[in-house]
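Numbering (our numbering), first residue to last: 16 to 300.
No residue lacks a Cβ here, since even glycine has one placed at the ideal position from N, Cα and C.
Printed below as a string of C-alpha cells:
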C-alpha cells in the first residue's frame with residue numbers, strides 16, 4: 016500500500032510525558048481546521064498549534080519534488096519553534112508526497128491523512144461511491160492503489176474538484192461562492208447507473224468538510240458524506256495514550272505568509288479556539 020499515512024499503525028503509544036501532549040496540526044491552508052476540531056474533541060486537554068503554509072497554497076500547484084522539499088523546510092522551522100510531541104499532516108497531498116521524507120528527517124511522530132476509501136465502501140448500500148478530492152490526490156498512485164485494495168464490487172468514481180479547496184478558504188474569509196457554482200463543482204460526484212445512485216461521497220481533502228453544510232444543501236439527492244477527521248483523531252489518541260488531566264486551553268495559529276487576515280477569518284479562527292495568531296514567515300522561493 017506504499018506510504019503508511021496513519022503513522023505506523025503498529026507503533027506503540029508515545030512514552031509517558033507526565034503532562035499534556037503538544038500537538039501540531041499542519042496544512043497548506045485552512046482545511047486542517049476540520050482535523051483540529053476532531054482532535055480537540057478527542058483530546059481536549061492537549062495543547063495545540065495549528066500551522067498553515069499559506070505562502071505555498073495550494074500544494075497541488077507544486078510538483079512532487081518541490082512539494083516534499085517545501086514541507087520538510089517548513090517543518091524544520093515549526094518543529095524547532097514549537098517542539099511538538101506529535102505532528103498531524105492534515106493534508107492528503109502533503110501526506111502522500113512528503114511523509115517518507117519527514118519521517119526520515121525527524122524523530123517526531125507523524126500522523127497523516129488518507130482518502131477514506133475503505134469506510135466509504137463499507138457504508139455504501141447502492142454500490143456506487145465517489146471519492147471527492149483535489150486533482151493532485153486523484154492523480155496519486157496511492158489513491159488508485161487504495162481503491163484497488165478496498166473497493167471490491169463497489170464502483171468508485173474519482174472526482175478531482177480543482178476549485179473546491181479555494182471555495183472553502185473563501186468561505187472562511189467571508190467571500191462565499193454562490194450555490195450554483197458550488198453545485199456545478201460537485202456535480203460529477205453524483206452518478207446514476209442501472210437504477211442505482213451514488214449514496215456515499217468521501218471528502219478526500221480536509222478543506223472540503225468546511226463546506227459540508229452547503230454541500231449537503233446543493234447536492235441533487237441525499238448522500239452520506241465521509242469526513243476523515245474523526246479517524247485521524249482516534250489514531251492520534253491511540254498514539255498519545257493517557258495523560259494527566261488538564262483543562263482545555265486555547266490554541267495558536269501560525270501562517271507562513273504576511274498576508275493580512277480578513278476580519279471574518281480572524282473571527283472564524285477565534286470561534287475554533289485559535290485566539291492567538293502568529294507568523295513564521297517562509298516565502299515560497
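Exercise for review: Helix, strand or coil for residue 149, going by three-state DSSP, please let me know.
Suggested key: coil
Point to revise | alpha helix (DSSP H) runs wholly inside the segment 116-140, at least 4 long, in chain order | key: 132-138
Point to revise | Among 258, 99, 237, 159, nearest to residue 126 - alpha-carbon criterion | key: 99
Check your understanding: How many angstroms separate the CA atom of residue 221 from the CA atom of residue 140?
Key -> 25 Å
Exercise for review: Report the residue ranges of all beta strand (DSSP E) runs contained in full by the segment 179-215; include only those spanning at least 3 residues, in chain order.
Suggested key: none
**Study point:** Residue environment, residue 260, which counts as buried when at least 16 other CB atoms sit within 10 Å
**Key:** exposed
Practice item. Could you pull out every unbroken alpha helix (DSSP H) segment of at least 4 residues lying fully inside the segment 243-279, listed in chain order? Key: 244-255
Check your understanding: Nearest to residue 204 by alpha carbon, out of 106, 184, 231?
Key -> 231
Check your understanding: To the nearest angstrom, how far is it from the Cα of residue 90 to the Cα of residue 130?
Key -> 23 Å
**Study point:** Per-residue DSSP class, three states only, for residue 172
**Key:** strand
Review point. Can you name the residues that DSSP bridges to residue 301?
Key: Limits of the chain in this structure are 16 at one end and 300 at the other, which puts residue 301 out of reach.
**Study point:** Under 9 Å between C-beta atoms of residue 103 and residue 202
**Key:** no
Practice item. Drop a sphere of 10 angstroms on the beta-carbon of residue 184, count the other beta-carbons inside from all chains shown, and report buried for 16 or more, exposed for fewer. Key: buried
Exercise for review: Could you name the residues that DSSP lists as bridge partners for residue 3?
Suggested key: The chain is shown from 16 up to 300; residue 3 falls before or after that span and cannot be answered.
**Study point:** Sequence-distant residues of the same chain with beta carbon closer than 7 Å to residue 155, five excluded per side
**Key:** 111
Exercise for review: Along the alpha helix (DSSP H) that carries residue 101, what are the first and last residues, could you check?
Suggested key: From DSSP, residue 101 is part of no alpha helix (DSSP H) but of the beta strand (DSSP E) over 101-104.
Point to revise | Candidates 144, 161, 43, of which the one nearest residue 270 by Cα | key: 43
Review point. The beta strand (DSSP E) with residue 292 in it runs from where to where?
Key: 291-294
Check your understanding: Quick one: any contact between the segment 68-78 and the segment 283-294, if contact means 3 or more CB pairs under 8 Å?
Key -> no
Exercise for review: Name the residue from 165, 226, 153 whose alpha carbon lies nearest to the alpha carbon of residue 181.
Suggested key: 226
Check your understanding: Identify the residues that DSSP records as bridge partners of residue 241: which are they?
Key -> 217
Exercise for review: To the nearest angstrom, report how far apart residue 56 and residue 97 are at their CA atoms.
Suggested key: 22 Å
Exercise for review: Helix, strand or coil for residue 285, going by three-state DSSP, please let me know.
Suggested key: helix
Check your understanding: With 16 other CB atoms within 10 Å as the buried threshold, where does residue 47 fall?
Key -> buried
**Study point:** Residue environment, residue 51, which counts as buried when at least 16 other CB atoms sit within 10 Å
**Key:** buried
Review point. Would DSSP call residue 83 helix, strand or coil?
Key: helix
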